Structures are given as structure tokens and as C-alpha cells.
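In our numbering, each number is its position in the sequence shown, counted from 1, plus 2.
In this text, a Cβ means the ideal position worked out from N, Cα and C, and glycines have one as well.
Note that the structure is a prediction, hence the values are computed from the model and not measured.
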Amino acid sequence: MVKTKIILADAHTLTREGIKSILAKKKDVVITGEAMNSNELHIKVGKTIPDIVIIDYFIPGHFSIEDIALIKQNHPTISLLIITTNKNKQDVLKILDYGVNSYLLKECDEDEVINAVNASARKEKFFCGRVMDAILEKVTHKCSLDSVCNHCQAVTLSEREEEVIRLIAEGLTTKEIADKINLSFHTVSTHRKNIFKKLLIRNSSELINYALKKGIISSPV
3 MVKTKIILAD AHTLTREGIK SILAKKKDVV ITGEAMNSNE LHIKVGKTIP DIVIIDYFIP
63 GHFSIEDIAL IKQNHPTISL LIITTNKNKQ DVLKILDYGV NSYLLKECDE DEVINAVNAS
123 ARKEKFFCGR VMDAILEKVT HKCSLDSVCN HCQAVTLSER EEEVIRLIAE GLTTKEIADK
183 INLSFHTVST HRKNIFKKLL IRNSSELINY ALKKGIISSP V
């Protein structure tokens, strides 16, 4: 089995140990290094070329947004998974422009961490429910609704699929959606995959863009 290589970059030992404890349940990942500051991070990234860097960029004196920019510049194929306490909308939108794959808050649950790692390993996007409002705002104000692919116009979605879309747009995780509509995690995950496949989209931002255009959800006031 080819394992996904991960570097953990966080100044706080307790945080790194917590993430390692969660990832220990996954047999398809391996922690190839840990870093407490920018210098350690870039040395270890250069030596091991991980698949994913999990980083809290918002720790003054240890890490910053410049670390994100430098990794993307020197190693564009590395996926970046942010796990931070910073929920400021402007900072979230700014960091998204650097091409990060996933953005979680440290208050998120284990399932969200696992889902974010899985998505990042596939070079896909994952954002925890608590930052999805910033994503929705970005889509509404910065994306043209006319950019939705022509293919989407002819797609027929079931009532259940539209319900799942609305809940994704509200920022619910797959587990939260499953609990809310009394379905299994696997069933909701399958619905999500089918929706993305039907619409030929790659991430939640594109899904929200489609949902806004089709009137499945309303634009924020």
C-alpha cells in the first residue's frame, strides 16, 4: 500500500499529538515529519516532499501566510490542510486564494479532520462547516453565476439530492447531514459523490455556485 505522506506544522505539541492520535486510525497515512517553526518546516518539506502539509499558519513568530505561499511556489503539487483557530472571514478568503485544499478550525471534530485529509490526498477541497459561510460569500460576490457549466443545465436531481446540496451549502459535514436526515454516513457520502459526478464539479464552491444559479439555495442578504 502506498501511504500518504504528511508533515505536521504547529508550534503546540499538544495540537500535533492530537492530530497524530486521530490519524493513527488511518492505515494509509504516515507522518514523515513535524515542525514547530518556518525554518524546520521548509527544511523537512524539501527533504521528504510530503503529499500533505497540515499547518496552522496563524501563529506569530512560528508560522505565517508566507509559509503557505512559499510551499505553493516551490512545491505546487503538495496539498495544504489548514487547521487553525483563525475564523476571520477576510483571512479565510485570503488564504483560499493561495490554493489551499482544506481549511478547518481547531474546534472541528475528528470526522472533519479525517474527511479533510482524505480530500487533500485526492487533491480535492474540504472546508469545515464553520468556515463555509466565508466560502459562500466568496462564491456569491466573486464568481459569475454564468460560469456554471452548460452540462449542468440538463441534469435532473432528485429531491433527496437537492436536500443534500442545501445542507452542504449550510456548511454541514457528511456526518451532520446523515444525522439530520436519518441516513447512514455511507449513504450520504454516496449521494455527495453522485451529485459531484452528475454535475461534473470538483468541490463545494462549484456546488454552491450551481445551487445559487438553479435556485436550490438563496444568496445571502
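- Nearest to Asp99 by alpha-carbon distance, out of Cys110, Ile80, Glu114 and Ile70, is Ile70.
- As computed with DSSP, Tyr59 is found in no beta bridge at all.
- A contact is defined here as three or more CB-CB pairs under 8 angstroms, and the segment 86 to 93 fails this definition with respect to the segment 32 to 45.
- Taking Phe129 as the centre and dropping the five residues before and after it, the same chain places the C-beta of Ser104, Tyr105, Ile137 and Ser206 closer than 7 angstroms to its C-beta, in chain order.
- Ranked by Cα distance from Asn117, the options Gly101, Lys127 and Val4 are led by Lys127.
- Ranking Asn41, Lys108, Leu72 and Tyr59 by CA distance to the CA of Gly20 puts Lys108 first.
- Taking all protein chains shown into account, Gly131 has 16 or more neighbouring C-beta atoms within 10 Å of its C-beta and is therefore buried.
- Of the other Cβ atoms in all chains shown, 16 or more fall within 10 Å of the Cβ of Ile170; this residue is therefore buried.
- Lys5 is positioned such that its CB atom lies no closer than 8 angstroms to that of Thr50.
- Per DSSP, reduced to three states, the secondary structure at Glu36 is strand.
- In the DSSP assignment, Ala123 falls within the alpha helix (DSSP H) that extends over Glu112 to Ala123.
- Taking Phe187 as the centre and dropping the five residues before and after it, the same chain places the C-beta of Thr176, Lys177 and Ala180 closer than 7 angstroms to its C-beta, in chain order.
- Contact check for Ile84 and Pro52: beta-carbon distance about 15 angstroms, past the 8 angstroms limit, so the pair fails to qualify.
- Residue range Thr15 to Leu25 is occupied by the alpha helix (DSSP H) that includes Leu16, with no beta strand (DSSP E) assigned at that position.
- By a beta-carbon distance limit of 8 angstroms, Lys74 contacts Gly101. Their separation comes to about 6 angstroms.
- Here Ile97 is buried: its Cβ has 16 or more other Cβ atoms, across all protein chains shown, within 10 Å.
- Around the beta carbon of Arg18, 16 or more other beta carbons sit within 10 angstroms, so the residue counts as buried.
- The continuous beta strand (DSSP E) containing Thr86 extends over residues Ser81 to Thr86.
- Less than 8 angstroms separates the beta-carbon of Ser81 from that of Lys125.
- When DSSP states are grouped into helix, strand and coil, Ile210 belongs to the helix group.
- Straight-line spacing of the CA atoms in Ile33 and Leu25 works out to 9 angstroms.
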